[in-house]
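In full-length UniProt numbering, the protein residues as written are 1 to 857.
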């Protein structure tokens, strides 16, 4: 009688795992029986299984240990036991990267690969792949070519897989055999052959297109190969930005009628993930997924509802037709399917169905995993934005979920959702804060506690009864760790600060002293600058600037404008005075990308004396990726100059480039001062050259400029194998794409969590307002995205999120113009035939206001 183990037995390990308490040393001791004569196949097989088990459990084998075991194992090739031989192949593959001199088994594997036993040939090829390099390949190349077209499918597939793992220069010699294998009747051979052909041609778009054309017309027998063809076609469609009238799209759509369910789903998934698909173009794929929703196979139902869930994020109207089928899945025995069905309905359903759906979720939410609970929370967050009047129902549901057990990611998703509801619906603020206050009483996650406390300090004073939150803040000061106590110290009540100034932790005392002194000044400008919005400078940059200031005695006060700004990605939850996430601060912040560039540029003599690096923009490609010379430009902005860094790569192995520089011709009043060429540019070794440009002084508003760029260099032909160049060379040049400098290159993003306070702080001394018509823009979303991208400023207070079904919106932007001048923009947008934009700009410098308005106009 066979004993049956249930799931509980497996989890407890009561007799279900015979290898549970293995020790590596004992197993290696047992491996000595490999040297005994005669060989005992059964015992040797058991020991090899133990070795593979230990390796897969992450057990570390030293090189000497692995090599000794490997050498002993090679004697097992003397046995003719089939199971033992195949286990030897598996062990070779696992130990190939650990043991030394594994090539000693090459002759044994080659013998098995060319032998008469078909059961050995395929596994022997796969094992041989792990130990073969290009120097050994020539000896077995003839056998591999024969194996690719072998009549035994397992041998052919193994050989194709082997070839696919070799270098391109080796593999391209076997393309004819791969094409022959692609016409095989075996589905796996055809699949592997197609994969190899694509591997050979993936860098040649025209060759890939021809291959697709050939196989889409001739047809394939392998559903796996069809799935690969669909993925290749989708990638090519995306790269070429071909429309939906393309023959490739027609091919993908025709696969929706394939007899294999796997191919049908792959085609549907490819269509719904294509960018810029309309609801009409999605309809055939959605119809197929709708049919899968009623499939008796749980895997198909799950795949369909998960894909429909993703479609509903962008095209909820396209999924509405499936609502009845999705409602039937709410009672599915598989809770993952039921969860995805409900969250999809939350995105596509009407406002009247919200209450009913929330009740259905409540009935089983405790039975699903944290991963799917997070999906539910994300759906609720999206629903709140769609139906803001239902926030009370959602808030109650979320508060109940907060009380349930769950991990950090799950709790964080709920907290973030409640915070987003508070920000989107001002009337929900008090309810949401009450739920969060209750949560932190028993919160075990420091990061969430500090985040909520920071929110209380920010939003609590703006509520009708701020004093009721003092109790919760006070409890955290008394009970929590220093990280949470430090997070508490936001401007919530002066009585807390006097108590915390005597705290045992350095940071708690520092924060308390800082806030206490600022608040006692009773100046709105100071509160806005140092509490509501905080500093936005780079901490390592501030440290360096202060150190440099102390080295040079001067009566001139330290100027904060000389400190580089923080150029890390800014989010609504991250400010300079945000609470720390762990119990201890990091010893020292790591250098940012801008700090690294600052050091690199300062080391070049021509750029010394330019001052602090104000901003480094993202790299701009000036050539296509497939051209012989690849050039990209990184723009570095200083107070009165710009440095253009050109990163160049020579992709020709028969040329050496010397004295490489990019000549620039400006269209405006910019002046090129100096070129710093790259001395040598060997094959495939990136190098950099630089151009120093002076910004316009006579016309400060002329910040935008277009440069014509030409790559100039001295060419020396060289031997492709050795890289040795000729003595003589000749001058040549290569025309690059034009390079644009825009207003965004002169502005650094900076977050102002309290935009109103920052607006008042800057004042209206230099305020100007103009109205513009954005005729080519049709939606508020598009207008907001274009404005943010054009000005390069940071959206504040979630103003980059445009509520649905709104005809007007206000966008708040903040930044710092080069030279350290704060600039704020308030843009009122109204949607009619096009978008009308009223722009109000404030800055500490009048010229900056003129520059912004001139750029927009």
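In this text, a Cβ means the ideal position worked out from N, Cα and C, and glycines have one as well.
N-terminal and C-terminal residue of the alpha helix (DSSP H) that residue i is part of
| i | result |
| --- | --- |
| residue 231 | 223-240 |
| residue 306 | 298-314 |
| residue 130 | 118-131 |
| residue 281 | 279-292 |
| residue 747 | Careful: residue 747 lies outside any alpha helix (DSSP H), inside the beta strand (DSSP E) at 747-749. |
| residue 849 | 846-856 |
| residue 391 | 391-403 |
Exposure label - residue i; buried when at least 16 CB within 10 Å
| i | result |
| --- | --- |
| residue 118 | exposed |
| residue 324 | exposed |
| residue 223 | buried |
| residue 673 | exposed |
| residue 266 | buried |
| residue 234 | buried |
| residue 698 | exposed |
| residue 598 | buried |
| residue 391 | buried |
| residue 151 | exposed |
| residue 749 | buried |
| residue 815 | buried |
| residue 730 | exposed |
Proximity below 8 Å, CB of residue i to CB of residue j
| i | j | result |
| --- | --- | --- |
| residue 177 | residue 202 | no |
| residue 790 | residue 755 | no |
| residue 22 | residue 54 | yes |
| residue 770 | residue 853 | yes |
| residue 309 | residue 278 | no |
| residue 842 | residue 766 | yes |
| residue 264 | residue 286 | no |
| residue 752 | residue 758 | yes |
| residue 614 | residue 665 | no |
| residue 781 | residue 802 | yes |
| residue 122 | residue 154 | yes |
| residue 784 | residue 809 | yes |
| residue 408 | residue 358 | no |
| residue 206 | residue 232 | no |
For residue i, the three-state DSSP class (helix, strand or coil)
| i | result |
| --- | --- |
| residue 98 | coil |
| residue 652 | coil |
| residue 699 | coil |
| residue 19 | coil |
| residue 205 | helix |
| residue 382 | helix |
| residue 331 | helix |
| residue 647 | strand |
| residue 660 | strand |
| residue 388 | helix |
| residue 842 | strand |
Contact set for residue i: own chain, Cβ-Cβ below 8 Å, skip 5 residues either direction
| i | result |
| --- | --- |
| residue 352 | none |
| residue 684 | 649, 650, 651, 653 |
| residue 360 | 330, 342 |
| residue 742 | 703, 704, 790, 792, 855 |
| residue 337 | 298, 301, 302, 305, 329 |
Chain-order list of residues whose beta-carbon lies under 7 Å from that of residue i (same chain, five-residue window excluded)
| i | result |
| --- | --- |
| residue 746 | 637, 703, 817, 818 |
| residue 568 | Unreliable placement is indicated for residue 568, whose pLDDT of 40 sits below 50; the coordinate value is still reported in the next sentence. Contacts found: 592. |
| residue 601 | 607, 613, 636, 643 |
| residue 339 | 368, 372, 375, 376 |
| residue 678 | 648, 660, 687, 688, 689 |
Element boundaries [beta strand (DSSP E), containing residue i]
| i | result |
| --- | --- |
| residue 773 | 767-774 |
| residue 689 | 687-694 |
| residue 636 | 629-637 |
| residue 705 | 705-717 |
| residue 680 | 678-681 |
| residue 810 | 808-817 |
| residue 828 | 821-831 |
Close Cβ partners of residue i (< 6 Å) along its chain, the five nearest in sequence each way excluded
| i | result |
| --- | --- |
| residue 88 | 76 |
| residue 734 | 629, 711 |
| residue 402 | 414, 439 |
| residue 162 | 125, 129 |
| residue 840 | 769, 826 |
The ligand SAM heavy atom lying under 7 Å from the CB of residue i
| i | result |
| --- | --- |
| residue 602 | The model depicted lacks the ligand SAM and carries no ligand whatsoever. |
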